[in-house]
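One structure is given here, and the rest of the page talks about it.
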Amino acid sequence: MKRIHFTAEDLARTRVATTIGVAAETFDTVKLLKDRDASLAFRRWQVSVRGRLGEQAGPLAALMPSHGPLVDIASLTGHTASIDEAVDNLLTAPLPLLRLELENIDFHPSHRSWARNLVAGDREARLQVAAALRACHRVTVAPYWGRVRSRLSEVRASYVGAMADGGVERLLSTLSGPLVRWRPPVLEVVHPREADIHLNGRGLVIAPTMFSTGQAELLQAPLDPGRPPVLAVPTLDGAFLDPTLWAADGESTDRSLDDLLGRTRAAVLRATVGGCGTPPTWPAAWTSRRLPPAITRRCCATPA
């Protein structure tokens, strides 16, 4: 459990944002593709993109070991919605910041030599991470970003509405159900590690996230202790099953529904609701550790 301690000044300085940043969302997609128990809300997306990355995801996958802490990619790339700006931030991130983010990562033995080069400031290793970030973004996020941004904007608007109706405490009391609980003046965040975070007048930024699941995450800037931390709150679960969300931008939503349910079932559902590049070459250490193959499932629940 993480406990975030608020003062009256912190409550006054708490605000909401639309996104944690496109790079952090992209990083989360690689984790999500490795999760075979992910929510049904992501099923169509997983089927669409799994198997299309292969070795392109290698450098990012190397930064997320099977246990222990992960890199806070937003610390290195910023919270920008532009992948170009995020990559520029990554390539120019101070070496002390990179070392802080990587020093506690339990890298797989096959990745440790490469990781040492990355920590030492090797330019080629950092370029490989940047190229992997672009490649993953192109496959897992970019085709859906228009709809994802719309969904995140809707969630942010609901946050703003809660604040308008009852102040910041109303928002804190309605966040993400069992993942976050407001016990004034402490916001409890379900987490495998215990920690007490005192905001000390910095306030908090609350941002919805699309591809993060299972738990809310607190993102902090280790070299800028005066900056308010960002609480990344998952927005999708099994109850949110809008198949049109995972239609690629410009793709027909009718076609996306057909692909998910089959033409006949999709037609029944519509009637029921009434219309409501060439990949770079990576070190061999991770080309043999590709993401798991797709397991395609189709299901259609019949209303009771």
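Residue numbers (my numbering): 757 to 1060. From the three backbone atoms N, C-alpha and C, an ideal C-beta is built for every residue, glycine too. Note that this is a predicted model, so its numbers are computed, not measured.
(message) Quick check: what's the CA-CA separation for R1054 versus A972?
(response) For R1054, the predicted model reports a pLDDT of 38, less than 50, meaning its position is unreliable; a value from the coordinates is still stated below. For R1054 and A972, the distance between alpha carbons rounds to 29 Å.
(message) Looking at V945: is its Cβ nearer than 8 Å to the Cβ of V936?
(response) yes
(request) Could you check what DSSP says for T774 in three-state terms: helix, strand or coil? (result) coil
(request) Would you mind reading off the limits of the alpha helix (DSSP H) that contains I829? (result) I829 to T833
(message) At the level of alpha carbons, what is the spacing between A779 and T836?
(response) 8 Å
(message) Output needed for A888: all residues of its chain with C-beta closer than 7 Å, excluding positions within five of it in sequence on either side, in chain order.
(response) Q812, A813, G814, P815 and L816
(message) Can you find the residues in the same chain that come closer than 6 Å, C-beta to C-beta, to N845, ignoring five residues on each side of it along the sequence?
(response) T833 and G834
(request) Mind reading off the beta-carbon distance from T991 to V895? Whole number of angstroms is fine, and I expect it under 8 Å. (result) Rounded, the Cβ-Cβ distance is 21 Å, inconsistent with contact.
(message) Measuring only the C-alpha atoms, how far is D862 from G824?
(response) 7 Å
(message) Taking the alpha carbon of A773 as the reference point, which residue from L1001, P984 and L883 has its own alpha carbon closest?
(response) P984
(message) Rounded to whole angstroms, what is the Cα-Cα separation between P969 and L789?
(response) A quick correction: the sequence has Thr, not Pro, at residue 969. Each residue's alpha carbon lies about 12 Å from the other.
(request) Check K790 in the structure and name its three-state DSSP category. (result) coil
(request) Let me know the secondary structure DSSP gives L819 once reduced to three states. (result) coil
(message) Rounded to the nearest angstrom, what separates D784 and W1002 at their Cα positions?
(response) 16 Å
(request) Using only alpha-carbon positions, find the residue among A849, D921, R769 and S906 that is nearest to M966. (result) S906
(request) Decide if L851 is buried, meaning its Cβ has at least 16 other Cβ atoms within 10 Å, or exposed. (result) exposed
(request) Give the secondary structure of E950 by DSSP, where H, G and I count as helix, E and B as strand, and everything else as coil. (result) coil
(request) Identify, in the order they occur along the chain, each residue of the same chain with its Cβ nearer than 6 Å to the Cβ of R808, setting aside the five sequence neighbours on each side. (result) V895
(message) By DSSP's criteria, L856 is part of a beta bridge. Which residues make up the other side?
(response) The partner list for L856 (beta bridge, DSSP) is empty, contrary to what the question assumes.
(message) If I measure Cβ to Cβ from R759 and keep anything under 8 Å in the same chain, skipping five residues before and after, which residues do I get?
(response) V942, L943, E944, V945, A951, D952 and I953
(request) Measure from the alpha carbon of P948 to the alpha carbon of each residue in D793, L974, G810 and G982, then state which is nearest. (result) L974
(request) Note down, in chain order, each residue of its chain lying with its Cβ closer than 7 Å to the Cβ of V843, except the 5 sequence neighbours on either side. (result) A886, L889 and R890
(message) By the three-class DSSP mapping on this structure, what secondary structure does L960 have?
(response) coil
(request) Could you check if P940 is buried or exposed, using at least 16 other CB atoms within 10 Å of its CB as the buried criterion? (result) exposed
(message) With distance defined between alpha-carbon atoms, name the residue in E841, D828, L883 and D878 nearest to L856.
(response) D828
(request) Kindly indicate which residue of T782, L987 and P981 has the alpha-carbon position closest to the one of L853. (result) P981
(message) Alpha carbons only, please: which of G777, G933 and R879 is nearest the one belonging to A898?
(response) G777
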